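So the sequence shown is residues 0 to 133, counted in numbering that gives the first Met the number 0. A short worksheet on the structure shown next.
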Amino acid sequence: MIQETFVMIKPDGVRRGLVGEIITRFERKSMKIVDMKMLTLSRGQAEALYEMHKGKDFFGELIDFTTSGPVVLMKIQGEEAIRNCRMIVGETIPEKRLPGSIRGDYSPYLTENIIHASSSEEDAKIECRLFFDI
Ligand code: CMP
């Protein structure tokens, strides 16, 4: 089934010059970038994206980091795009990250983890709508 999902290269990925490398990994897997933009998120935009984590102890640190510099926002379309993009991204928990995934190859950190991809069909719809088609 063809799906659309939302992917964000976080400020650490942009600062470290990994944008081209990251985009290549999605394209190699036949995941098509159908919309893309670069901007620095306001605190309000970051809080809306991470609303499900509001109240958790890492929320403040997450918002500070997410707004610390430009990010690259992408709408990506492809076969089972939600699952495939999450696999390309890799696990949230550092100990579980496999080499070959973006996080597995580039980040040993929990918060500064290079990239975000929507975790479900519902989240993909909400997150795409936050930044595209408006
Ligand atoms: P992401 O997949 O973008 O979703 C939420 C983000 O919160 C996560 O990546 C990490 O950058 C950050 N984070 C920090 N601490 C935690 C934690 N304990 N559990 C989950 N996410 C965390």
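Even glycine gets a Cβ: it sits at the ideal position worked out from N, Cα and C. Quick caveat: nothing in here was measured; it's all calculated off a predicted structure.
Item, Value
"Per DSSP, the bridge partner or partners of G43", "According to DSSP, which records beta bridges pairwise, G43 is partnered with nothing at all."
"Inter-residue CB distance, Q2 and E120 (contact presumed, cutoff 8 Å)", "7 Å"
"Neighbourhood of L48 by C-beta distance below 7 Å, restricted to the same chain and skipping five residues each side", "E126 and L129"
"Distance, E78 Cα to F64 Cα", "31 Å"
"Meets three-Cβ-pair contact criterion under 8 Å: the segment 68-86 and the segment 16-34", "yes"
"As assigned by DSSP and simplified to three states, the class of E3", "strand"
"Residue range of the unbroken beta strand (DSSP E) whose run includes G77", "V70 to E78"
"Alpha carbon of R96 to alpha carbon of L109, nearest angstrom", "11 Å"
"Contacts around A123, its chain only, beta-carbon distance under 6 Å, and the 5 residues preceding and following it disregarded", "T4, F5, I81 and S117"
"F130 beta carbon near the ligand CMP (any heavy atom closer than 7 Å)", "no"
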